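Colleague: Below are the structure tokens for one structure; questions will follow.
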Amino acid sequence: MTSNQSRHVRDSAGSPRSGQATVEFALASIVFLMIVFGTIDFGRAVFISAELDNAAREGSRYGKINPKDTSGIKAKVVDYAVGSGLTTGAVTVSCTGMCKADDKLTVKTSVGFLTITQNLLGIGPLTLTSSSTTRIE
Numbered sequence: 274m275t276s277n278q279s280r281h282v283r284d285s286a287g288s289p290r291s292g293q294a295t296v297e298f299a300l301a302s303i304v305f306l307m308i309v310f311g312t313i314d315f316g317r318a319v320f321i322s323a324e325l326d327n328a329a330r331e332g333s334r335y336g337k338i339n340p341k342d343t344s345g346i347k348a349k350v351v352d353y354a355v356g357s358g359l360t361t362g363a364v365t366v367s368c369t370g371m372c373k374a375d376d377k378l379t380v381k382t383s384v385g386f387l388t389i390t391q392n393l394l395g396i397g398p399l400t401l402t403s404s405s406t407t408r409i410e
């Protein structure tokens, strides 16, 4: 056996193996994992966006009857959006006019969203927002 033949590991067919399979696996797994984690991030974003929409709607429903209770409206919104990380500081309540009958009440929510793949893809921080407007009774 020559010195060149002794350095290579041989498979069952007798041909020398290289690291080609390992390199292909490494490249393919990166693409696969980015697709998996991107799908997870997208699902989380849709869930949190729906939570914010529903929370803003719930706050505007409460504000329809109690338009001057700003802290109560914010508390309703935060209580409804438990899984989103929303705080009362990220909820704004505004009225057109004097917050009386037939004026419009708007509730806006905003929350920062961190993705799993954010650093790998170079995506900056995302902010998810929602708003709901209703007429005061």
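Under my numbering, think of the first position of the sequence shown as 274, with each following residue one higher. A virtual CB, placed ideally from N, CA and C, is assigned to each residue, including glycine. Model, not experiment: these values are computed from the prediction.
Taking the alpha-carbon positions, what's the D352 to I338 distance?
Modeller: Using only the alpha carbons, I get a separation of about 18 Å.
Colleague: Please classify A354 as buried or exposed, where buried requires at least 16 neighbouring CB atoms within 10 angstroms.
Modeller: Result: buried.
Colleague: Pairs of beta-carbons, one from the stretch 339-346 and one from the stretch 384-391, closer than 8 Å: are there three or more?
Modeller: Result no; under three Cβ-Cβ pairs closer than 8 Å.
Colleague: Confirm, please, whether the CB-CB distance from T369 to S405 is below 9 Å.
Modeller: No, these two residues do not count as a Cβ contact at 9 Å.
Colleague: Quick check on L359: does DSSP put it in helix, strand or coil?
Modeller: In the structure shown, L359 sits in coil (DSSP, three-state: anything other than H, G, I, E or B).
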